[in-house]
Amino acid sequence: MIEREAAIKIYSEVLGAKGAKGRLVRVAEGFYEVTLESAGRDYTCLLPIANTVILAADPEEQVATVEVER
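Under this note's numbering, the sequence shown is numbered contiguously, ending at residue 164.
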């Protein structure tokens with residue numbers, strides 16, 4: 095789960111963004127509210143969930159798997 099104010103990567107056809115850096119502010123009424131970093135400045139954007147993908151900027155911690163004999 096991506097927490098509020100988490101660093102994210104944004105992929106959006108609407109913006110033409112491919113891996114843009116940002117922060118998730120909230121999810122509401124079919125939109126992601128994000129702070130988008132562009133040209134050294136921060137901009138608040140409402141991006142439609144249907145046309146936007148957000149990824150956590152940092153990968154999940156790897157957990158060792160345990161093999162079970164059957």
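We put the CB at the ideal spot given by N, CA and C, even for glycine.
Residue i (DSSP reduced to helix, strand or coil)
i: Ala158; result: coil
i: Ile102; result: strand
i: Ala151; result: coil
Residues bridged to residue i [DSSP beta-bridge criterion]
i: Glu131; result: Asp136
i: Leu118; result: Val128
Cβ-Cβ separation, residue j to residue i (assumed contact under 8 Å), whole Å
i: Ile102; j: Gly124; result: Between Gly124 and Ile102 the Cβ distance is about 18 Å, and since that is not below 8 Å, they are no contact.
i: Ile148; j: Leu118; result: 6 Å
i: Val121; j: Cys139; result: That pair is no contact at about 13 Å.
Residue i Cβ short of 7 Å to the ligand MN heavy atom set
i: Thr138; result: As for the ligand MN, it is missing from this structure, which has no ligand bound.
For the segment 132-146 against the segment 154-162, do three or more pairs of beta-carbon atoms, one drawn from each stretch, fall closer than 8 Å, so that the two count as touching? Cβ pair count under 8 Å is below three, so no.
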